[in-house]
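Please read the structure below before turning to the comments.
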Amino acid sequence: MAASISQIGTVPQLLAGGIAGAFSKTCTAPLARLTILFQVQGMHSDISSMSKPSIWREAARIVNEEGLRAFWKGNLVTIAHRLPYSAVNFYSYEQYKRILRSIPGLDGQRRNAHGDIFVHFVGGGLAGITAASATYPLDLVRTRLAAQRNAIYYQGIRHALHTICRDEGFFGLYKGLGATLLGVGPSIAISFSVYESLRSSWHSQR
Numbered sequence: 001m002a003a004s005i006s007q008i009g010t011v012p013q014l015l016a017g018g019i020a021g022a023f024s025k026t027c028t029a030p031l032a033r034l035t036i037l038f039q040v041q042g043m044h045s046d047i048s049s050m051s052k053p054s055i056w057r058e059a060a061r062i063v064n065e066e067g068l069r070a071f072w073k074g075n076l077v078t079i080a081h082r083l084p085y086s087a088v089n090f091y092s093y094e095q096y097k098r099i100l101r102s103i104p105g106l107d108g109q110r111r112n113a114h115g116d117i118f119v120h121f122v123g124g125g126l127a128g129i130t131a132a133s134a135t136y137p138l139d140l141v142r143t144r145l146a147a148q149r150n151a152i153y154y155q156g157i158r159h160a161l162h163t164i165c166r167d168e169g170f171f172g173l174y175k176g177l178g179a180t181l182l183g184v185g186p187s188i189a190i191s192f193s194v195y196e197s198l199r200s201s202w203h204s205q206r
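With the first letter of the sequence shown counted as 1, position 195 gets the number 195 in UniProt numbering; the numbers rise by one all the way through.
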């Protein structure tokens, strides 16, 4: 079984991971949209009307005023974002590891446990930053679509991208990127470091 798993190619792994991520995001989309609506409460008149915030009250309002499908506003762009994000994150992590291990002292002949941790941490952080930067416009569009209530400003992914570029300029697609990277970099760095450490520990005990 383990041998058959190890023979699975990179593309199938990426597809499997992307599909799994897309499915999980679709299942939790209603909660994600409620979270966004509460986060932006008070920014706009139609959202600031949410007095005495309650998850159940807001969920009932969405069903009554917008319909059940409104819980999945922005989910299509979430799926569109998830696949390239996973691919870029995985691929760039492998490339950054290769580059870092070409540095004297971190190469295969002389590397040690501390060097491995450094490679995994830095490589993971750089991979997270690269993936987040490459796919950030889709993440921004997802948030704005999900934040809409009765007043519909963006009609879809393409319309949102076009409108943001027209009204805010090209760099409007990257609003908030800096703050996002400050969180994504360390988060992915820790994630890859823990993953690699656990995998190495598991293999050493076999």
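Ideal placement from N, C-alpha and C gives every residue a C-beta, glycine not left out.
With C-beta atoms as the reference, is glycine 128 less than 8 Å away from asparagine 89?
yes
Which of helix, strand or coil DSSP assigns to alanine 60:
helix
So, with DSSP's three-state summary, where would you put isoleucine 47?
Only weak support is given to the placement of isoleucine 47: the predicted model assigns it a pLDDT of 48, under 50, and the value that follows is read from those uncertain coordinates. Of the three classes helix, strand and coil, the one that applies to isoleucine 47 here is helix, per DSSP.
Using a Cβ distance threshold of 8 Å, determine whether the stretch 183-196 contacts the stretch 142-162, with at least three qualifying pairs required.
no
Serine 92 versus asparagine 64: straight-line alpha-carbon distance, rounded
45 Å
Exposed or buried, glutamate 168, counting other C-beta atoms within 10 Å across all chains shown (16 or more means buried)?
exposed
If alanine 146 sits next to glycine 74, beta carbons under 8 Å apart, how far is it from one beta carbon to the other, in whole angstroms?
4 Å
Give the straight-line distance between the Cα atoms of tryptophan 202 and serine 193, rounded to the nearest whole angstrom.
14 Å
In angstroms, rounded to a whole number, what distance separates the CA positions of arginine 101 and leucine 83?
28 Å
Would you kindly report the start and end of the unbroken alpha helix (DSSP H) that includes proline 104?
It is not in any alpha helix (DSSP H) - proline 104 carries neither H nor E in the DSSP assignment.
If distances are taken between C-alpha atoms only, which option among Trp72, Gly21, Arg61 and Gly67 comes closest to methionine 29?
The sequence given here places alanine at residue 29; methionine does not occur at that position. Out of Trp72, Gly21, Arg61 and Gly67, Trp72 has the C-alpha closest to the C-alpha of alanine 29.
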